[in-house]
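Single-structure report; data block below.
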């Protein structure tokens with residue numbers, strides 16, 4: 001799924017040599033990753049220049065796309081793996 005969104009040029013790709021950082025968290029919120037929580041995540045991810053990907057249950061989504069995040073259908077107890085790559089990847093993966 002190509003990264004097109006605010007601050008990205010169509011077809012732009014993050015260079016393989018760009019800094020990369022990962023973090024993971026257990027989704028403890030009872031309704032899981034619902035619309036409100038996903039929108040907060042997206043707004044936070046969009047503050048960074050790094051590409052942000054979220055993995056859950058074997059699926060991957062663009063962390064800057066609410067529609068893609070919701071397709072993860074992450075429920076309470078799911079582990080979310082956040083992978084950021086780009087100039088501010090460490091900060092993006094932490095927040």
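Residue numbers (our numbering): 1 to 95. Positions of the beta carbon are idealized from the N, C-alpha and C atoms, including for glycine.
Handout entry: Residues near residue 130 by beta carbon distance below 8 Å, same chain, minus five either side
Key = As shown, the chain starts at 1 and ends at 95. That puts residue 130 outside it, with no answer to give.
Practice task
Assign residue 63 to buried or exposed, taking buried as 16 or more other Cβ atoms, counted over all protein chains shown, within 10 Å of its Cβ.
Solution key: Locating residue 63 in the chain shown gives position 63, where the first residue counts as 1. The residue is buried, with at least 16 neighbouring Cβ atoms inside 10 Å.
Practice task
Determine the DSSP secondary structure at residue 39, reduced to helix, strand or coil.
Solution key: Walking along the chain shown from the start, residue 39 turns up at place 39. Note: residue 39 maps to helix in three-state DSSP.
Handout entry: Inter-residue Cα distance where the pair is residue 24 and residue 80
Key = Here the question's residue 24 lines up with position 24 in the chain shown. Here the question's residue 80 lines up with position 80 in the chain shown. Roughly 5 Å separates the two Cα atoms.
Handout entry: Cut-off 7 Å between Cβ atoms - residues of its own chain near residue 1, not counting five sequence neighbours on either side
Key = The residue given as residue 1 occupies position 1 in the chain shown. Any reading at residue 1 must be qualified, since the residue scores a pLDDT of 40, below 50, and its modelled position is unreliable; no value is offered.
Problem - Nearest candidate by alpha-carbon position, reference residue 82, set 30, 39 and 95 - result: As a first step, residue 82 is located in the chain shown; it is residue number 82 there, counting from the start. Sorting 30, 39 and 95 by C-alpha distance to the C-alpha of residue 82 places 95 at the top.
Practice task
Note the first and the last residue of the continuous beta strand (DSSP E) segment covering residue 54.
Solution key: Counting from 1 along the chain shown, the entry for residue 54 is found at position 54. Segment 51 to 56, the beta strand (DSSP E) holding residue 54.
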